[in-house]
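K.L.:
Numbering (this note's numbering), first residue to last: 3 to 261.
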Ligand SMILES: Nc1ncnc2c1ncn2[C@@H]1O[C@H](COP(=O)(O)OP(=O)(O)O)[C@@H](O)[C@H]1O
Ligand SMILES: [Mg+2]
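1) Our contact map puts residue 91 next to residue 150 with C-beta atoms below 8 angstroms; I'd like the distance itself, whole angstroms only.
2) So which of 183, 214 and 96 has the shortest CA-CA distance to residue 140?
3) Quick test of your reading: residue 212 and residue 11, contact by CB under 8 angstroms. State the CB separation rounded to the nearest angstrom.
4) When burial is assigned at 16 or more other CB atoms within 10 Å of the CB, is residue 131 buried or exposed?
5) Taking a contact to mean a Cβ-Cβ separation below 7 angstroms, would you say residue 39 touches residue 54 in this structure?
6) Assuming residue 86 and residue 156 are in contact, meaning their beta carbons sit under 8 angstroms apart, how far apart are those beta carbons, in whole angstroms?
7) May I ask whether a heavy atom of ligand 1 can be found less than 6 angstroms away from the beta carbon of residue 60?
8) Quick check: is any heavy atom of ligand 2 less than 6 angstroms from the C-beta of residue 13?
9) Does the separation of the CB atoms of residue 52 and residue 193 fall below 7 angstroms?
10) With hydrogens ignored, establish whether the beta-carbon of residue 237 is closer than 6 angstroms to any heavy atom of ligand 1.
11) Run through the DSSP bridge pairs and tell me what residue 9 is partnered with.
12) Residue 118: buried (16+ other C-beta within 10 angstroms of its C-beta) or exposed?
13) Between the C-alpha atoms of residue 57 and residue 50, what's the straight-line distance to the nearest angstrom?
14) Do you know offhand how far residue 94's Cα is from residue 100's?
15) Under DSSP, the alpha helix (DSSP H) around residue 147 begins and ends at which residues?
16) Within the same chain, show all residues whose beta-carbon is closer than 7 angstroms to that of residue 228, passing over the 5 residues directly before and after it, in chain order.
17) Answer yes or no: do residue 128 and residue 152 have a C-beta to C-beta separation smaller than 7 angstroms?
18) Return the CA-CA distance between residue 190 and residue 164, expressed in angstroms with no decimal places.
19) Is residue 172 helix, strand or coil when you go by DSSP?
20) Could you tell me the boundaries of the beta strand (DSSP E) in which residue 29 lies?
21) Any idea which residues DSSP pairs residue 196 with across the strands?
22) Can residue 41 and residue 21 be called in contact, C-beta distance under 7 angstroms?
23) What residue from 199, 137, 121 and 144 has the CA that sits closest to residue 178's CA?
24) Since I believe residue 197 is in contact with residue 64 (beta carbons under 8 angstroms), could you give me their beta-carbon distance rounded to a whole number of angstroms?
25) So what does DSSP say about residue 67, is it helix, strand or coil?
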């Protein structure tokens, strides 16, 4: 059983506090949600956990060992896999090659081998076998999102961080994704922290939900309690938040920017 723990983390960019005294935890086998209006600090929190950004205050620990500030490569080797809000695939490479790239580091490859992770296994697991020889950029949007998850899983992570995996998906694609995320947890036993604006997706797939607003954590609990929490209703589900409950498909130019 592994445990990921964010303790009282703050992070500011100039005068903007993206994170203010934020704490959160996730254990093996849990699917934990992270929601909040745009600009709440969700992506910054994932960037801090995956050591893409150093913290200003506080700590991030994996099984009691500090990982904040160790750098994204080290963090990946330590067992934290992630996807990005804007898809970052190698667009000209095939689906299969995109996963192969993740196996290219000898260290991660060895870890994946020990856990029995293979390219064929990941392709099948994420329903991508039939598309394996297509270029990543030619895939429908939902499959690109699943390929990002497959690539993160090639590192055999103990924790998987997903930044808006359902953004821009239609209902059918989002339904498939719910099954995939659950299957990842059930079969690999890893802990998952998932950000999304699609509340139906989050409420269905998560056992616990953390709610952020303006850099702070304002609520934490099971989906039923979160839906009724007056602070959450005020800042997120009610009023301004309702307009954001289904994220828009990213602009065409963002998809075209895939190399
Ligand atoms: N690299 C950065 N430089 C300056 N400000 C940033 C940077 N990254 C995020 N921010 C600011 O931090 C706040 C939180 O952003 P972000 O974590 O992306 O929010 P969310 O993912 O919840 O929409 C926003 O005000 C955003 O403008
Ligand atoms: Mg974000």
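For each residue, glycine too, the CB sits at the ideal point set by N, CA and C. Nothing here was measured: the structure is a model prediction, and the numbers come from that model.
P.N.:
Result, derived from the coordinates:
1) About 6 angstroms; that satisfies the 8 angstroms criterion.
2) Just measuring C-alpha positions, the residue of 183, 214 and 96 sitting nearest residue 140 is 96.
3) Not really, about 13 angstroms apart at Cβ, beyond 8 angstroms.
4) A residue is called buried once 16 or more other Cβ atoms fall within 10 Å of its Cβ, and residue 131, having fewer, is exposed.
5) For the pair residue 39 and residue 54, the CB atoms are not nearer than the 7 angstroms cut-off.
6) The Cβ separation is near 15 angstroms, so there is no contact.
7) Exclusion of residue 60 from the 6 angstroms shell around ligand 1 follows from its C-beta lying no nearer than that to any non-hydrogen atom of the ligand.
8) Outside the cutoff, so no.
9) No.
10) Distance from the C-beta of residue 237 to the nearest heavy atom of ligand 1 is not below 6 angstroms.
11) DSSP lists 61 as partners of residue 9.
12) So residue 118 counts as exposed.
13) So the alpha carbons of these two residues sit roughly 6 angstroms apart.
14) The straight-line gap separating the alpha-carbon atoms of residue 94 and residue 100 is approximately 9 angstroms.
15) Taken as a continuous stretch (DSSP letters only), the alpha helix (DSSP H) holding residue 147 covers 143-155.
16) Take residue 228, set aside five residues on each side of it, and the residues of its chain with a beta-carbon closer than 7 angstroms to its own are 211, 213, 221 and 234, in chain order.
17) In this structure, residue 152 lies closer than 7 angstroms to residue 128 by Cβ.
18) Just so you know, the alpha carbons of residue 190 and residue 164 end up roughly 15 angstroms apart.
19) Taken through DSSP and simplified to helix, strand or coil, residue 172 comes out as coil.
20) Taken as a continuous stretch (DSSP letters only), the beta strand (DSSP E) holding residue 29 covers 18-29.
21) DSSP lists 35 and 164 as partners of residue 196.
22) It is not a contact, given that the beta carbons lie outside the stated cut-off.
23) Closest option to residue 178, Cα to Cα, is 144.
24) Not quite, the Cβ-Cβ distance comes to about 19 angstroms (not below 8 angstroms), so this is no contact.
25) Three-state DSSP puts residue 67 in a strand.
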